[in-house]
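With the first letter of the sequence shown counted as 1, position 41 gets the number 41 in the UniProt record's numbering; the numbers rise by one all the way through. Cβ atoms here follow ideal geometry from the backbone N, Cα and C, with glycine treated the same way. Treat the numbers as computed from the prediction; the structure is a model and nothing was measured.
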Amino acid sequence: MFGLFGRKNDKAKRDDADAVPQVPPPPAGGVAPPAPTPVHTDSRVRLLAPIPGQPEGMRVGIVDALEQPEGGQGYIVELTAAGQMEILAWIAGDDAVHPTGTVLSEEPSPQDVVLKLDPWNDGNPRIGAIFLWDTVYGGFKGGDPDIPICIGEYTVDADGSVYIALCSFDVGVYGSSSHRRADAIAACWLAACRLPALRGERITTSSGRFSDFFEEIEKMPLPDAIDMVIHRGTSTAGRVTPVERALARQLVEIGAPQIRQIAANTELGMHRLDTTGQFWITFDANDVQGLQRDLVIAVEGAFNRAVEARAVACTLDNDLGLLSTLDELQAGSAFRRAFVRWGEHTRFVRGRIDGRNPYMELYDAHARRGGAWESLTRFGNVAEALRLPLRLEYGVDVDNASGVMAIGFNAPTAMSFPASRIGDDGTWIDIRDMRGAQAASYALRLAGLLAYVGFTSSIATTSVTITARGHAHRDPRAFAQVRPHGVLRRCAAALPQRRHQRRAL
């Protein structure tokens with residue numbers, strides 16, 4: 001799934017010339033030396049190159065001459081100002097880092113692992129993921145400490161040296177060239193574990209992939225997930241990505257915290273669809289109507305703009321999808337891009353014209369080619385695979401004898417659209433006054449796209465009638481929300497209809 005990265009050929013040279021013997025300096029006059037922590041004067045430390053964020057004077061290295069479990073790659077140690085050596089962690093032979101303050105005689109429990117380099121595939125040890133565990137606060141996702149987040153990707157050269165190809169944390173020179181395996185692992189641990197702990201900084205899914213972030217959201221009650229995103233995105237402390245800030249901004253603008261009042265009276269759930277990977281909020285259409293429904297749809301749309309941002313990030317970081325991949329301008333542009341992908345949607349529909357209809361055969365029953373079943377299921381199969389920025393609720397009916405298809409859909413309201421967008425200079429612009437025009441333009445483009453889907457659903461279809469239902473005429477029972485099982489009976493809604501005719505060849 002993941003291809004090898006192009007990387008520099010220069011290798012880090014680590015030999016005995018880099019080793020620093022541990023000889024404590026003489027104490028200053030009249031000052032007694034500090035009480036020793038575990039000190040091993042017969043050991044030699046291979047110092048790591050400083051990384052961004054490392055305090056001045058802080059020296060961290062690897063020592064492998066001490067007693068350690070079989071196959072170990074050495075201890076990560078810090079040299080104190082007095083020349084003493086403090087053991088911080090141990091690197092196991094399987095590239096896992098275990099915190100420890102002393103020499104180990106036997107391998108510690110796997111439950112103690114805080115960071116690990118692990119191949120993506122068992123048969124390819126040359127490329128893999130960098131995983132991070134939360135052993136302090138009880139886990140990143142849903143309070144499960146056994147579930148890690150992925151903070152980057154590494155590659156392995158023929159000589160066994162490791163290159164940190166991608167990382168949410170700045171690992172300095174270890175992210176620009178290959179180094180000894182233990183050194184690269186220690187640098188990742190230093191950047192992702194040690195330095196944040198010294199700053200009192202809690203690591204969250206912000207340092208992982210979009211998929212880690214989305215899984216955390218899905219495991220939380222929707223009101224809590226919204227509050228978490230807004231709190232994190234508006235905070236000035238800790239690690240927060242531009243994507244989270246953009247999402248928090250748009251959630252605040254649409255009044256997303258009011259979702260809690262709705263959730264107090266009816267059940268709301270949010271999960272991702274298998275077909276598109278987009279978020280879908282489930283609710284009782286009889287209980288959630290009017291402005292409350294508009295708010296729910298607007299919140300769902302905001303989270304789906306983050307899904308669009310993930311797609312953009314994957315094109316930039318070799319399909320890894322790190323939250324940290326996008327800067328503020330790229331994140332804001334990805335949110336804008338969600339509403340202007342009509343050309344891509346059209347190409348997607350065109351590519352499915354000759355595709356196999358998986359619903360032509362069910363339980364040994366075969367549908368008749370050219371019948372209503374084929375047209376309806378092919379329409380639904382294509383329409384529901386479209387990654388639209390707002391949810392699609394529709395109904396469809398077809399009369400293949402006359403070649404007529406009728407399609408109805410719920411037109412979005414102005415509230416479903418963002419109140420701000422990022423400009424080309426990176427500043428956010430208020431566009432509240434444009435939301436009505438955006439809603440009208442979106443409905444018109446969606447009508448044309450659905451007409452195209454209708455024409456491609458059957459060669460027998462020669463005429464498609466599109467009906468867009470506005471807010472005042474919306475009946476939640478009139479449209480199928482998952483599969484086109486409902487027949488559209490009321491095509492003559494209060495809004496005008498637009499008829500699309502296929503040209504005679």
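- Bounds of any beta strand (DSSP E) do not take in Ser177, whose DSSP letter is neither H nor E.
- In the structure shown, Gly448 falls within a helical segment according to DSSP collapsed to helix, strand and coil.
- When the beta-carbon positions are compared, Ala184 and Ile51 stay at least 7 Å from each other.
- Asp319 and Arg337 have their C-alpha atoms roughly 18 Å apart.
- Here the alpha carbons of Gly138 and Trp428 stand approximately 36 Å from one another.
- When the five nearest sequence neighbours on each side are left out, the beta carbons in the same chain lying within less than 6 Å of the beta carbon of His271 are those of Glu218, in order along the chain.
- Taking the CA atoms as reference points, Ala443 sits about 45 Å from Glu201.
- By the neighbour-count criterion, in which a residue is buried when 16 or more other Cβ atoms sit within 10 angstroms of its Cβ, Ala264 is exposed.
- Contact annotation: Val97 and Met85 have beta-carbon atoms that are not nearer than 7 Å.
- In terms of Cβ geometry, Leu322 and Ser206 do not form a close pair [threshold 7 Å].
- Looking at the DSSP output, Thr427 shares a beta bridge with no other residue.
- Between Ala414 and Arg435, the gap from beta carbon to beta carbon is short of 7 Å.
- Around the beta carbon of Gln111, a 10 Å sphere encloses fewer than 16 other beta carbons of the protein chains shown; the residue is thus reported as exposed.
- DSSP places Phe303 in the helix class (H, G or I) of the three-state scheme.
- Shortest Cα-Cα distance from Thr102 to any of Val114, Asp287, Val113 and Ile87 involves Ile87.
- In the DSSP assignment, Met85 falls within the beta strand (DSSP E) that extends over Met85 to Ile91.
- About 7 Å separates the CB atoms of Leu295 and Ile259; that is less than 8 Å, so the two are in contact.
- Residue pairing of Tyr75 in beta bridges, as defined by DSSP: Val63 and Trp90.
- The C-beta of Thr241 has 16 or more other C-beta atoms within 10 Å across all chains shown, which makes the residue buried.
- In its chain, beyond the 5 residues on either side, Asn400, Ser458, Ile459 and Ala460 have a beta carbon closer than 8 Å to the beta carbon of Gly370.
- Put simply, the segment 118-128 touches the segment 149-158. At least three CB pairs are less than 8 Å apart.
- For Pro99, the three-state secondary structure derived from DSSP is strand.
- Burial check for Asn304: the Cβ neighbour count within 10 Å reaches 16 or more, so the residue is buried.
- If you look at Arg469, you'll find it in the beta strand (DSSP E) that goes Ser463 to Arg469.
- Thr266 and Leu291 have their C-alpha atoms roughly 15 Å apart.
- DSSP places Ile422 inside the beta strand (DSSP E), whose first and last residues are Ser420 to Ile422.
- In this structure, Ala246 sits away from Ile230, with a CB-CB distance that is not shorter than 7 Å.
- Excluding residues up to 5 positions away in sequence, Thr325 lie with their Cβ nearer than 6 Å to the Cβ of Leu316 in the same chain.
- Across the structure, Met360 and Ala372 are spaced so that their CA atoms are roughly 11 Å apart.
- Straight across, the Cα-Cα distance linking Leu222 with Ala158 is about 48 Å.
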